[in-house]
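Below is one structure; the comments refer to it alone.
Protein chains: 2
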Amino acid sequence: MSLIGKEVLPFEAKAFKNGEFIDVTNEDLKGQWSVFCFYPADFSFVCPTELEDLQEQYAALKELGVEVYSVSTDTHFVHKGWHDSSEKISKITYAMIGDPSQTISRNFDVLDEETGLADRGTFIIDPDGVIQTVEINAGGIGRDASNLVNKVKAAQYVRQNPGEVCPAKWEEGGETLTPSLDLVGKI
Amino acid sequence: MSLIGKEVLPFEAKAFKNGEFIDVTNEDLKGQWSVFCFYPADFSFVCPTELEDLQEQYAALKELGVEVYSVSTDTHFVHKGWHDSSEKISKITYAMIGDPSQTISRNFDVLDEETGLADRGTFIIDPDGVIQTVEINAGGIGRDASNLVNKVKAAQYVRQNPGEVCPAKWEEGGETLTPSLDLVGKI
Numbered sequence: 028m029s030l031i032g033k034e035v036l037p038f039e040a041k042a043f044k045n046g047e048f049i050d051v052t053n054e055d056l057k058g059q060w061s062v063f064c065f066y067p068a069d070f071s072f073v074c075p076t077e078l079e080d081l082q083e084q085y086a087a088l089k090e091l092g093v094e095v096y097s098v099s100t101d102t103h104f105v106h107k108g109w110h111d112s113s114e115k116i117s118k119i120t121y122a123m124i125g126d127p128s129q130t131i132s133r134n135f136d137v138l139d140e141e142t143g144l145a146d147r148g149t150f151i152i153d154p155d156g157v158i159q160t161v162e163i164n165a166g167g168i169g170r171d172a173s174n175l176v177n178k179v180k181a182a183q184y185v186r187q188n189p190g191e192v193c194p195a196k197w198e199e200g201g202e203t204l205t206p207s208l209d210l211v212g213k214i
Numbered sequence: 028m029s030l031i032g033k034e035v036l037p038f039e040a041k042a043f044k045n046g047e048f049i050d051v052t053n054e055d056l057k058g059q060w061s062v063f064c065f066y067p068a069d070f071s072f073v074c075p076t077e078l079e080d081l082q083e084q085y086a087a088l089k090e091l092g093v094e095v096y097s098v099s100t101d102t103h104f105v106h107k108g109w110h111d112s113s114e115k116i117s118k119i120t121y122a123m124i125g126d127p128s129q130t131i132s133r134n135f136d137v138l139d140e141e142t143g144l145a146d147r148g149t150f151i152i153d154p155d156g157v158i159q160t161v162e163i164n165a166g167g168i169g170r171d172a173s174n175l176v177n178k179v180k181a182a183q184y185v186r187q188n189p190g191e192v193c194p195a196k197w198e199e200g201g202e203t204l205t206p207s208l209d210l211v212g213k214i
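The listed protein sequences derive, respectively, from chains H and C.
Under our numbering, think of the first position of the first sequence as 28, with each following residue one higher.
Under our numbering, think of the first position of the second sequence as 28, with each following residue one higher.
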């Protein structure tokens, strides 16, 4: 079974955020939408371009009440070292979680057990800590964070409007569907 | 571990395609790129909008040498009945695989064991039958197939250009990266 509809399993971790080390646990995901963005390694190549790309969406996501976390199996110390030395990473203002115990990466089913690194997985998590979307790319294929805002809006709409669902390519203000006996076979 | 880098497990199934019932097995995936699009149910609501959306990308995907398959746990008989009666589904020209044994949905880790239906999962598979990308949305959130063509192009580029990788938001003709000792910490 996929992780859709599953609650994020317990974890405790350190993160680097805005010049400080902070604690993050699965409890922090309750009561607020979150995006988790896993990536293989600090001081690498595709990853900094993805984290910068995600940073460009951060303001729009925060406006929707979404908190953003990046995660790799590096330590929070390495995150700070990278933040200090990389032009792209120096722009990051969301929390950069260190997962050297590999607990979080394994809980999200994105740990490559052979390399000990996380796959390129992005997850949208609702205020109950339940996973609503999953997107994973192979190592050489950088992600595009620009569709995240739309996915979050659709997920939030469905949560706030029980009984309604969002068709393909739905955008805010667009038509939705209300599944019913009469609608069967009519679409 | 995620399914990234994993070979599609063996399956044999019937599909409805262009007015005929055809056989499809995992061997058909060898030697050609494929997209597998799982969805919960025929004669439903979000699903027809997604399959129509995918159909709109089919010509562009075929131009890239990609074959497209939709999959639900309905039978191939039901697919034909739906194709005959639904305005949106009547447009579908790619193969509609029936997976009543749930084998394929389970092999792709998108079978909801409680409902017996497949989650909204989209997979890009390379000519070795190996999964390169995964995207799964919760039931009420229709997918957007428009990013598939770009993802396929990136996956094909990486395969044809060993040693090079595609940064975030990469598009055909865009700059790529060649990971090396000298590039560490420079991005």
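Every residue, glycine too, gets a C-beta built ideally from N, C-alpha and C.
Beta carbon proximity, residue i to chain H, threshold 7 Å
i: threonine 120/C; result: no
i: lysine 196/C; result: yes
i: aspartate 80/C; result: yes
i: leucine 204/C; result: yes
i: glutamate 34/C; result: no
i: methionine 123/C; result: no
i: aspartate 155/C; result: no
i: serine 128/C; result: no
i: glutamate 140/C; result: yes
i: valine 105/C; result: no
i: aspartate 146/C; result: yes
i: valine 192/C; result: yes
C-beta neighbour in chain C for residue i, strict 7 Å
i: glycine 212/H; result: yes
i: threonine 100/H; result: no
i: glutamate 77/H; result: yes
i: aspartate 136/H; result: yes
i: serine 132/H; result: no
i: isoleucine 152/H; result: no
i: lysine 115/H; result: yes
i: serine 97/H; result: no
i: phenylalanine 90/H; result: Rather than phenylalanine, the amino acid found at residue 90/H in this sequence is glutamate. Chain C contact via Cβ: absent.
i: glutamate 199/H; result: no
i: aspartate 111/H; result: no
i: glutamine 84/H; result: no
Residues near residue i in its chain [Cβ-Cβ closer than 6 Å; skip 5 each side]
i: glutamate 94/H; result: Gln59 and Ser61
i: aspartate 80/H; result: Ala172
i: lysine 180/H; result: Glu199
i: threonine 160/H; result: Ile151 and Lys178
i: aspartate 111/C; result: none
i: asparagine 174/H; result: none
i: lysine 115/H; result: Pro75 and Glu79
i: glutamate 162/H; result: Thr149
i: lysine 33/H; result: Ile158
Boundaries of the alpha helix (DSSP H) in which residue i is found, first to last residue
i: glutamine 59/C; result: From DSSP, glutamine 59/C is part of no alpha helix (DSSP H); its letter is neither H nor E.
i: alanine 122/C; result: Here alanine 122/C belongs to no alpha helix (DSSP H); instead the beta strand (DSSP E) covers 122-125.
i: aspartate 6/H; result: Residue 6/H lies beyond the residue range present for chain H, which begins at 28 and ends at 214; the question has no answer from this structure.
i: valine 176/C; result: 175-187
i: threonine 205/H; result: No alpha helix (DSSP H) contains threonine 205/H, which DSSP labels as neither H nor E.
i: arginine 133/H; result: 130-134
Unbroken beta strand (DSSP E) run spanning residue i, endpoints
i: glutamine 159/C; result: 158-164
i: phenylalanine 43/C; result: 39-44
i: glutamate 94/C; result: 93-99
i: aspartate 80/H; result: From DSSP, aspartate 80/H is part of no beta strand (DSSP E) but of the alpha helix (DSSP H) over 73-90.
i: valine 137/H; result: Element bounds for valine 137/H: n/a, residue is neither H nor E.
i: glycine 148/H; result: 147-152
i: isoleucine 168/H; result: Neither: isoleucine 168/H is in no beta strand (DSSP E) and is coded neither H nor E.
i: aspartate 50/H; result: 47-52
Close-in-space but distant-in-sequence residues of the same chain around residue i (CB under 7 Å, 5 per side omitted)
i: threonine 205/C; result: Gly190 and Glu191
i: proline 37/H; result: Asn53
i: threonine 100/C; result: Asp126, Pro127, Gln129, Ser132, Gly143, Leu144 and Ala145
i: proline 154/H; result: Lys57, Gly58, Gln59 and Trp60
i: alanine 87/H; result: Val176
i: tryptophan 109/H; result: Asp69, Phe70 and Ile116
i: glycine 156/C; result: Glu34, Val35, Asn53, Leu56 and Lys57
Residues of its chain near residue i, where Cβ-Cβ distance is below 8 Å and the 5 sequence neighbours each way are ignored
i: glutamate 83/C; result: Ala172
i: isoleucine 214/C; result: Leu204
i: alanine 42/C; result: Phe48, Ile49, Asp50, Val51, Tyr96, His103, His106, Ala122, Met123, Ile124 and Gly125
i: glutamate 24/H; result: Here chain H covers residues 28 to 214 and nothing more, so residue 24/H does not appear.
i: asparagine 188/C; result: Thr203
Contact test: residue i Cβ vs the ligand NAD heavy atom, cutoff 6 Å
i: glycine 92/H; result: The ligand content of the structure shown is nil, which means the ligand NAD is not present either.
Listed in chain order, which residues of the stretch 161-188 of chain H have Cβ atoms closer than 8 Å to some Cβ of chain C?
Val161, Glu162, Ile163, Asn164, Ala165, Gly166, Gly167, Ile168, Gly169, Arg170, Asp171, Ala172, Ser173, Asn174, Asn177, Lys178, Ala181, Ala182 and Val185
Are at least three pairs of beta-carbons, each pair with one atom in the stretch 108-124 of chain H and one in the stretch 134-143 of chain H, less than 8 Å apart?
no
For the structure I just gave you, are there three or more beta carbon pairs, one from the stretch 96-109 of chain C and one from the stretch 60-76 of chain C, closer than 8 Å?
yes
So if I threshold CB-CB distances at 8 Å, which residues from the stretch 43-73 of chain C count as touching chain H?
Phe70, Ser71, Phe72 and Val73
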